[in-house]
Amino acid sequence: MPRPLSPYPSIRWMCRGIIERNTFGSALQRVKYNNTWSYYVIPEVAQLAIFRNWTDYPLVVRLLGTYIRDISIPAYVLNDERVILILVPPLPPKKGQPAYYSYIPNQRCKYIDMFPNSNALRNEPGFDDELLVAWYSLSDYIRTQASFACITLFVMSLGAVFSFYTFMNPRYMFKRLAGGIHLVAASTALVVLQVLFSSIDYTKEHLFYAYPEGAQLTYGYGVYLAWFTFVDNILCGVMFLWYSGKKKGAKAPNDEVAMADEPTIMGR
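Using UniProt numbering, you'd call the opening residue of the sequence shown number 1 and step up by one each time.
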């Protein structure tokens, strides 16, 4: 979205240096608003999506933020030296200091392409060859998460089936089988969480446009549900293994359990 560079006198000297060095190239636009000339950094892709002579209409610049965000134009520009410049808001001020800006959270759901097309990625203005390699590595993390999530659901389904089967057949080996399956489901759920955290660390280190400096990371209900699934499967597995001991003779609550835990003689 457009970022004003000189709304206040305290940073006008910085703006003068930016103009002289031509830091932002053609992305830097001079717009008059409230009888005051200000400079805005607007990506070239966003400028192509606006009608001509839009700078002659002062109120248009106030609408560009929402417009650029809705059409999903990334907030970075490419200068004349083919260097990617990411546009990020300033860090929040410390307590007691005046702030001339406000942060408005914007939530947007986006479908993740697990098999990205290189031609489609090259059309993005913020991708170069180095970022393309990094994005493909991140796609490997995403596919690994999805694969182990499906495996976890399948193993949990098997664990539920054998857990209910132990109520119909009290033999100890079915309890141990159900407990072992629950522990396997817990391990696959932990793999999903570890891959998720590894992908976040990789994004912080390599994909700066997706995790700019000063960004805050928060987890949604999905991460807490994954941790609950891991702990729940651990407890279920331990409980089934704990109560899977053989109960023979007088230790058995009834004759059916006593007969089920007797050794089976295999023969012709």
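Each residue gets a CB set at the ideal place from its N, CA and C atoms; glycine is no exception. Keep in mind the model is a prediction, meaning the values are calculated, not measured.
Helix or strand or just coil, what does DSSP make of residue i?
i, result
"GLN216", "coil"
"TYR141", "helix"
"LYS175", "helix"
"LYS95", "coil"
"GLY126", "Low per-residue confidence applies at GLY126: pLDDT is 47, beneath 50, and the placement is therefore not dependable, though the value from the model is reported in the following sentence. Coil, per DSSP."
"MET168", "helix"
"ASP113", "coil"
"LEU207", "coil"
"SER157", "helix"
"residue 270", "Past the edges of the chain, shown from 1 to 268, lies residue 270, and the structure says nothing about it."
"TYR67", "helix"
"ALA49", "coil"
"ILE181", "helix"
"SER72", "coil"
"SER198", "helix"
"MET239", "helix"
"VAL223", "helix"
"ILE42", "coil"
"TYR8", "At TYR8, the pLDDT of 36 sits below 50, so the modelled position is not reliable; the number obtained from the coordinates is stated separately. Reduced to three states, the DSSP call for TYR8 is coil."
"SER147", "helix"
"SER187", "helix"
"SER244", "coil"
"PHE228", "helix"
Pick from the options: whose alpha carbon is nearest that of residue i?
i, options, result
"ASP140", "LYS175, LEU177, ILE68 and MET114", "MET114"
"VAL161", "ARG171, MET239, ILE71 and LEU177", "LEU177"
"VAL45", "PHE197, ALA27 and TYR224", "ALA27"
"THR152", "ASP56, ASN53, TYR111 and LEU183", "LEU183"
"LEU64", "TRP37, GLN29, GLY237 and ALA226", "GLN29"
"ALA181", "TYR111, LYS32, ILE234 and ILE112", "The residue you asked about is not Ala; residue 181 is Ile in the sequence shown. Of the listed residues, the one whose Cα sits closest to ILE181 is ILE234."
"TYR57", "LYS32, LEU207 and THR229", "LYS32"
"VAL223", "ARG143, ALA189, SER137 and TYR211", "ALA189"
"ALA49", "SER38, TYR67 and PRO170", "TYR67"
"PRO43", "SER72, LEU59, TRP37 and THR36", "SER72"
"TYR40", "VAL61, ASN117, VAL231 and ASP232", "VAL61"
"THR36", "GLN47, PHE51 and LEU59", "LEU59"
"THR144", "LEU193, PHE154, THR55 and MET173", "LEU193"
"ILE142", "LEU207, SER199 and VAL155", "SER199"
"SER157", "ALA185, PHE51, TYR221 and PHE230", "ALA185"
"ALA146", "CYS236, ALA226, GLY237 and GLN47", "ALA226"
"GLY159", "GLY179, ARG171, LEU138 and PHE148", "GLY179"
"GLY237", "TYR111, PHE174 and LEU207", "PHE174"
"PHE148", "GLN47, VAL191 and PHE230", "VAL191"
"LEU138", "TYR111, PHE154, VAL195 and VAL155", "VAL195"
"PHE230", "SER187, TYR211 and TYR221", "SER187"
Spell out the partners DSSP gives residue i in its beta bridges.
i, result
"LYS32", "TRP37"
Determine, using beta-carbon pairs with one atom in the stretch 198-205 and one in the stretch 235-244, whether at least three such pairs fall under 8 Å. no
Are at least three pairs of beta-carbons, each pair with one atom in the stretch 212-227 and one in the stretch 162-172, less than 8 Å apart? no
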